[in-house]
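Be aware that the sequence shown starts at 1, since it is given in full-length UniProt numbering, and climbs by one per residue. We treat Cβ as the ideally placed atom computed from N, Cα and C, and that holds for glycine. Report on the following structure.
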Amino acid sequence: MAKNSVLLPDESHCRSDIGAILYRDRKIYAFSADIIEVTEPNSIFGYVEYKIGISMDPIDVCNYDRRIFELTTRFRDLNRLYQQVSTIHKQLYLKDNVPLFAPTKLVGSNTPETIEERKTAITNFLNFVLRSTVLCKARVFQTFIDSSKEVPSDSPTEGVKSEPEGNINEHNIELD
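This is the structure in structure tokens:
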């Protein structure tokens, strides 16, 4: 592959753990992204920050642990990434359509409606890239995720809701 290629030639060119995992461990993990937190601007000239979590859930839970990476960014940077990845998607004639992204706004970019629209667009876009075996190898995406930090994952039952203790009738069977 040419040095100027939009894709990294192999995992040795990845500068972060998450980048290498996305490159080589596609059969080991299922990847997903979500907005964990939104930080409102503290001044009229401030900007909204989006804290993004990328989780890697092992397909084989007996041999691998869940891994979670987080990074904080702003909409402007995500919009730039979206434009670059969309261009790469077109240049490589990849199937599927890149999901629509939230439009930029000069006024009203900090309203709850706009933030919610952007959260949805960001999540859809990042999950689209994470599902793509090609786009996650793009230099621009790898550079974007380089700033992420791994955070400790909670217990193996994280996210699993358990029934309260003493609930004998857990299947809602009527007893006489």
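Let me know the secondary structure DSSP gives residue i once reduced to three states.
i: residue 74; result: strand
i: residue 94; result: coil
i: residue 106; result: coil
i: residue 101; result: coil
i: residue 177; result: Outside the displayed range of the chain (1 to 176) lies residue 177, so it cannot be described from this structure.
i: residue 133; result: coil
i: residue 154; result: coil
i: residue 86; result: helix
i: residue 24; result: helix
i: residue 40; result: coil
i: residue 111; result: coil
i: residue 80; result: helix
i: residue 16; result: coil
By the 10 Å Cβ neighbour count, where 16 or more other Cβ atoms means buried, how is residue i classified, buried or exposed?
i: residue 55; result: buried
i: residue 108; result: exposed
i: residue 142; result: buried
i: residue 19; result: buried
i: residue 106; result: exposed
i: residue 27; result: exposed
i: residue 45; result: exposed
i: residue 67; result: buried
i: residue 148; result: buried
i: residue 118; result: buried
i: residue 136; result: buried
i: residue 61; result: exposed
i: residue 134; result: exposed
Residue i and residue j look like a contact to me (Cβ under 8 angstroms); what is the Cβ gap, rounded to whole Å?
i: residue 31; j: residue 150; result: Rounded, the Cβ-Cβ distance is 14 angstroms, inconsistent with contact.
i: residue 71; j: residue 140; result: At roughly 14 angstroms, the Cβ-Cβ gap does not stay under 8 angstroms, so residue 71 and residue 140 are not in contact.
i: residue 124; j: residue 99; result: 4 angstroms
i: residue 122; j: residue 47; result: Between residue 47 and residue 122 the Cβ distance is about 14 angstroms, and since that is not below 8 angstroms, they are no contact.
i: residue 29; j: residue 59; result: 7 angstroms
i: residue 6; j: residue 138; result: 6 angstroms
i: residue 36; j: residue 52; result: 7 angstroms
Run through the DSSP bridge pairs and tell me what residue i is partnered with.
i: residue 67; result: 56
i: residue 35; result: 52
i: residue 149; result: 70
i: residue 29; result: 58
i: residue 138; result: 7
Against chain B, with Cβ distances strictly below 7 angstroms, would residue i count as a contact?
i: residue 141; result: This model lacks chain B altogether, as it is built from one protein chain only.
Legend entry - Touch test, the region 86-94 against the region 108-119, Cβ-Cβ under 8 angstroms, three pairs minimum: Cβ pair count under 8 angstroms is below three, so no.
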